[in-house]
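Data first, discussion second: the structure below is written as structure tokens.
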Amino acid sequence: MFILTDGKNYVMENPMKSGEYMITTSSSMAKEFTYKQARSLVQNSRKKYSWIKKYNLIDVDTGQKSDKSLYYRGNADIYIGDKNNFDYALLDKIESEANSILGLVGWDDNQLITYKNLLNTELSKCDSAESDINHALEKYKKIHNGKKPQAHKVAKIGYLLDDIRDKHKRIKQCIRYVQVMQDAIVKGYNIEKIKLELSKVTSDDYKGRTEYWKMANDILED
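In this note's numbering, the protein residues as written are 56 to 277.
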């Protein structure tokens, strides 16, 4: 196995997004590649990863720079430089799609049930948090004879509520996704069916139902 480094920085895989790479100064976080994986990444012509072209291939077992060329192609003595007509972004797309499918296949119903339980617990916590904040506001008004909090306090409370509501929205969305994944296992969905069902449960833009929708937007856009 190999790592890619310029002697100070290393290539690591984004822990939140498989197939995406970033810089780290920690050698323990360095991504271990096969030779073909490292070569493919370095040969990628996209600007996003152009910085990796300056990195060296290091053998994990020896800790020494490998004799293998990152620009080797094929079985004969043919090498390529920085210019190459093939767009290696295609490989990223294919690998990303494959990893997404493999990730779904790797989750059995027991795992999905566990995830859903965790999500529902956190959703309940978010509901309680929002309720606590609203009751704190009511308590303040009651103690202060109906007087509303000062603007800077209201702003801080608003940020707290916004953060909780964002989490609440994301959790509910993930619960819907997990349900589709469970249905896919039970009913044997193919890839196209999974995509269709996931798209159906994806949140759409909110549409206002009262005059307060316009009033709020007018205030925010002023």
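Where a beta carbon is used, it is the ideal one built from N, C-alpha and C, also for glycine.
Quick caveat, the model's predicted, so the values are computed rather than measured.
CA nearest to the CA of residue i, picked from the options
{"i": "Ser124", "options": "Val115, Val97 and Tyr104", "result": "Val97"}
{"i": "Asp182", "options": "Glu150, Trp162, Glu266 and Asp217", "result": "Asp217"}
{"i": "Leu167", "options": "Val241, Lys72 and Thr89", "result": "Val241"}
{"i": "Glu68", "options": "Asp61, Thr79 and Ile230", "result": "Thr79"}
{"i": "Lys196", "options": "Val256, Ile149 and Val209", "result": "Val209"}
{"i": "Arg220", "options": "Lys180, Leu253, Asn200 and Gln205", "result": "Lys180"}
{"i": "Tyr170", "options": "Ala153, Lys227, Glu75 and Glu185", "result": "Lys227"}
{"i": "Ile113", "options": "Glu276, Ala239 and Tyr65", "result": "Tyr65"}
{"i": "Ile188", "options": "Met270, Gly213 and Ser105", "result": "Gly213"}
{"i": "Leu174", "options": "Cys229, Met71, Glu75 and Lys269", "result": "Cys229"}
{"i": "Ala85", "options": "Tyr110, Asp122, Asn200 and Pro204", "result": "Tyr110"}
Sequence-distant residues of the same chain with beta carbon closer than 7 Å to residue i, five excluded per side
{"i": "Asp132", "result": "Because the pLDDT at Asp132 is just 41, under 50, the model does not fix this residue reliably, and the value given afterwards should be weighed accordingly. Contacts found: none."}
{"i": "Gly62", "result": "none"}
{"i": "Lys269", "result": "Gly263"}
{"i": "Leu146", "result": "Ser95"}
{"i": "Tyr90", "result": "Phe57 and Lys123"}
{"i": "Gly74", "result": "Asp147, Glu150, Ser151 and Asn154"}
Same chain, Cβ closer than 6 Å to residue i, five either side skipped, listed in chain order
{"i": "Met56", "result": "Glu87 and Val115"}
Delimiting residues of the beta strand (DSSP E) encompassing residue i
{"i": "Thr79", "result": "Tyr76 to Thr79"}
{"i": "Leu59", "result": "Phe57 to Thr60"}
Spatial distance of residue i from residue j (CA atoms)
{"i": "Lys248", "j": "Met236", "result": "11 Å"}
{"i": "Ile149", "j": "Lys120", "result": "29 Å"}
{"i": "Ser81", "j": "Leu59", "result": "12 Å"}
{"i": "Glu252", "j": "Asn165", "result": "21 Å"}
{"i": "Ile274", "j": "Glu266", "result": "13 Å"}
{"i": "Tyr261", "j": "Glu177", "result": "23 Å"}
Assigned secondary structure, residue i (DSSP; H/G/I helix, E/B strand, else coil)
{"i": "Val256", "result": "coil"}
{"i": "Met67", "result": "strand"}
{"i": "Leu112", "result": "strand"}
{"i": "Lys123", "result": "coil"}
{"i": "Ser73", "result": "coil"}
{"i": "Thr169", "result": "helix"}
{"i": "Tyr195", "result": "helix"}
{"i": "Asp147", "result": "helix"}
Opening and closing residue of the alpha helix (DSSP H) in which residue i lies
{"i": "Asp238", "result": "Ala206 to Lys242"}
{"i": "Met84", "result": "Taken as a continuous stretch (DSSP letters only), Met84 belongs to no alpha helix (DSSP H), as it is neither H nor E."}
{"i": "Lys203", "result": "Note, Lys203: premise wrong, no alpha helix (DSSP H); not H, not E."}
{"i": "Arg94", "result": "Tyr90 to Val97"}
{"i": "Asn272", "result": "Glu266 to Glu276"}
{"i": "Lys103", "result": "Per DSSP, Lys103 belongs to no alpha helix (DSSP H) and is neither H nor E."}
Any C-beta of chain C under 8 Å from that of residue i
{"i": "Val209", "result": "Considering every chain present, this structure includes no chain C. It has just one protein chain."}
Close beta carbons around residue i, own chain, < 8 Å, minus the five adjacent residues each side
{"i": "His223", "result": "Leu178, Cys181, Asp182 and Glu185"}
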